[in-house]
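Numbering (the working numbering), first residue to last: 428 to 1073.
Beneath this line is the structure, given in structure tokens, with notes to follow.
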């Protein structure tokens, strides 16, 4: 895992100081070595900050092929590279290093941009093709590794983080439309960021840049089967065995490293399954690290410790207090370059820091399972309401009655309001409203109540959900698919890359020079799971059914029987008088907040004044909105963001 910068100038030469400064801005991603290369005329530059995992002695980048007509910088890990290397050597290719990244150069020589179909892993890369005067850029299938770009003046910029683009001279300005979209989707649109002029290469895409143009093309998508083409059901044992075999292979490949490999462990099914299966492949105990919160209703450390004991792993708890979340909130936002909606990102930042101090650079994680196997409660609700094929009707009715009863107890806060007018355009396009989008629209209603008059007027009539769906291949990827698979697809274009893999993954890990490896997002495993019927993902009220059965021999009984509990840190609103609560109150009453162009300070002050008198569920429901506003303060201060709205 590393960080990189690439610049392509149309006219003047690139300053070596600019390239070096932008690379230094990514030191946290690659503290082991920093190198850069400039073309003879100074119009192409590549910079790389290295975190050495494979080939500790000869793998510094940029890497070059035999005749130096190709140069590449890579961020990520490429699995099964030894087999690919042997095949390339049999064709006459000569390697200079033992690095996994070097296969990119030789695969590109063979296949050009289609080399991406031969890569397995999490990666972002930039390759300069001297013969064709072409810059080739690409991002992995799911968006595990970040890749940003901007055009400023006559130069095209690429980098692993936006802060490196700012360091290279790209102006730091708010993107008002993305801020508006965030408040409706809790994410910007998939190719946007919160910063004006700075875009993301979408997951599963590559780009071709010349001196005059830049073109993005898709090379992979989920391609869920239509209900008409869904294969005939097989015996459950067949699905379980196929899934276990694929997951075992994904874990085996990710255990290979020239440094020790640890594990992030929660009390959830996903990480416990990975630990149990991984430990069976290891000759010595895996070191598992678990967050422990000071609020028992959010703490899973006892369940994780029991799991580590069963697996024969070494267990280390990492305690996190409310005060710690307050102290590290600003640093987590700076590294994440986005709004936080829960302090779970801060907790992951602290976990990664502790793991790095313990001497580890690489960890296995359980992220991605919920997106592949419909693990979140909102997917289960979508199945109960819209996707009952292969399910027991009596069990479905019992589950729906439980949902209705729980919703009455929670005074309507559990189930989203599908009749919200915001949802009309979603229903027209899809024929139903995915539960997570309905929930987002409810949150958006509260957020809009805090907008400044100018900001609200500027975006009056804007349909955030129409814009979201309009940027997707609805007919090619959604039409005719089972509703749960449609919800899975939409979440994987929204919450997965911009939240789960970023704010809970790469950005908090790489802030402390930690490489996270995700077996559940091994693309052969995903391509297998996408063909499974919904009843193998959700059975009644049991989510991730096929994983639960595949991993049952290595799980504790508590983990096997436990339903999904999304990883959440205690809200800032939970304990009045705590340092975290006071941070929110003081910051949103201060001058930095008043300088933001999106919110009306008096409306926010009124909300802050009402908070102490609210019941706990209502306060906690407002926590994402308050933390987003607090994040905006941090970003504006840390990056000196400018703002202009007509």
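We put the CB at the ideal spot given by N, CA and C, even for glycine.
Item: Anyone know if the C-beta pair for residue 791 and residue 853 falls short of 8 Å?; Value: no
Item: Beta-carbon separation of residue 431 and residue 606 under 8 Å?; Value: no
Item: Grab me the residues of residue 837's own chain with a C-beta within less than 7 Å of its C-beta, minus the 5 sequence neighbours each way, in chain order.; Value: Reliability of the predicted coordinates at residue 837 is poor, the pLDDT of 43 falling under 50, and the value obtained from them is presented with this limitation in mind. Cβ neighbours of residue 837 beyond the five flanking positions: 1044.
Item: In chain order, what residues of the same chain have a beta carbon less than 6 Å from the beta carbon of residue 781, not counting five sequence neighbours either side?; Value: 745
Item: What's the call for residue 869, buried or exposed, on a 16-neighbour Cβ count within 10 Å?; Value: buried
Item: Do the CB positions of residue 908 and residue 655 come within less than 8 Å of each other?; Value: no
Item: Which word fits residue 475, buried or exposed, when buried means at least 16 other C-beta atoms lie within 10 angstroms of its C-beta?; Value: buried
Item: Grab the span of the alpha helix (DSSP H) containing residue 964 for me, first residue to last.; Value: 961–964
Item: So is residue 983 buried or exposed if we call it buried at 16+ other beta carbons inside 10 Å?; Value: buried
Item: Only counting runs of 3 or more residues, tell me where the beta strand (DSSP E) segments fall wholly within the stretch 604–654, in order along the chain.; Value: 625–627, 632–636 and 641–645
Item: Let me know the secondary structure DSSP gives residue 837 once reduced to three states.; Value: Reliability of the predicted coordinates at residue 837 is poor, the pLDDT of 43 falling under 50, and no value is obtained from them.
Item: Per DSSP, which residues does residue 1026 bridge with? Please list them.; Value: 878
Item: Grab me the residues of residue 437's own chain with a C-beta within less than 6 Å of its C-beta, minus the 5 sequence neighbours each way, in chain order.; Value: 581 and 638
Item: State yes or no: is the C-beta of residue 737 within less than 8 Å of the C-beta of residue 935?; Value: no
Item: Roughly how far, in whole angstroms, is the beta-carbon of residue 863 from the beta-carbon of residue 805, given that I think they are within contact range, below 8 Å?; Value: 4 Å
Item: Cα-Cα, which of 739, 547 and 731 is closest to residue 680?; Value: 547
Item: Which word fits residue 439, buried or exposed, when buried means at least 16 other C-beta atoms lie within 10 angstroms of its C-beta?; Value: exposed
Item: Note down, one range per segment and in chain order, each alpha helix (DSSP H) of at least 4 residues found wholly within the stretch 1006–1065.; Value: 1006–1015, 1018–1021 and 1028–1037
Item: Near residue 769, which residues of its chain fall below 8 Å by C-beta distance, leaving aside the five closest residues on each side in sequence?; Value: 995, 996, 998, 1050, 1051 and 1054
Item: Taking the straight line between their C-alpha atoms, what separation do you get for residue 504 and residue 684?; Value: 10 Å
Item: Out of 467, 948 and 985, state which residue places its alpha-carbon closest to the alpha-carbon of residue 675.; Value: 948
Item: Measuring only the C-alpha atoms, how far is residue 575 from residue 616?; Value: 14 Å
Item: Going along the chain, which residues of its own chain have a beta-carbon closer than 8 Å to the beta-carbon of residue 419, five neighbours each way excluded?; Value: As shown, the chain starts at 428 and ends at 1073. That puts residue 419 outside it, with no answer to give.
Item: By the three-class DSSP mapping on this structure, what secondary structure does residue 999 have?; Value: coil
Item: Quick check: what's the CA-CA separation for residue 1065 versus residue 531?; Value: 36 Å
Item: Buried or exposed for residue 1042, please, with buried defined as at least 16 other CB atoms from any protein chain shown within 10 angstroms of its CB.; Value: exposed
Item: Among the residues of its own chain, which have a CB less than 8 Å from the CB of residue 835, if the five just before and after it don't count?; Value: With a pLDDT of 49 at residue 835, under the threshold of 50, the modelled position of this residue cannot be trusted; read the value that follows with caution. Excluding residues within five positions, none has a Cβ falling inside 8 Å.
Item: Tell me the DSSP secondary structure of residue 740 in three-state form.; Value: coil
Item: Give me the Cα-Cα distance between residue 826 and residue 988, rounded to the nearest whole angstrom.; Value: 16 Å
Item: DSSP on residue 994, reduced to helix/strand/coil?; Value: coil
Item: Does DSSP classify residue 792 as helix, strand or coil?; Value: coil
Item: I need the straight-line Cα distance from residue 538 to residue 465, nearest angstrom please.; Value: 25 Å
Item: Over what stretch of residues does the beta strand (DSSP E) that includes residue 551 continue unbroken?; Value: 548–556
Item: Buried or exposed for residue 644, going by 16 or more other Cβ atoms inside 10 Å?; Value: exposed
Item: How many angstroms separate the CA atom of residue 520 from the CA atom of residue 444?; Value: 35 Å
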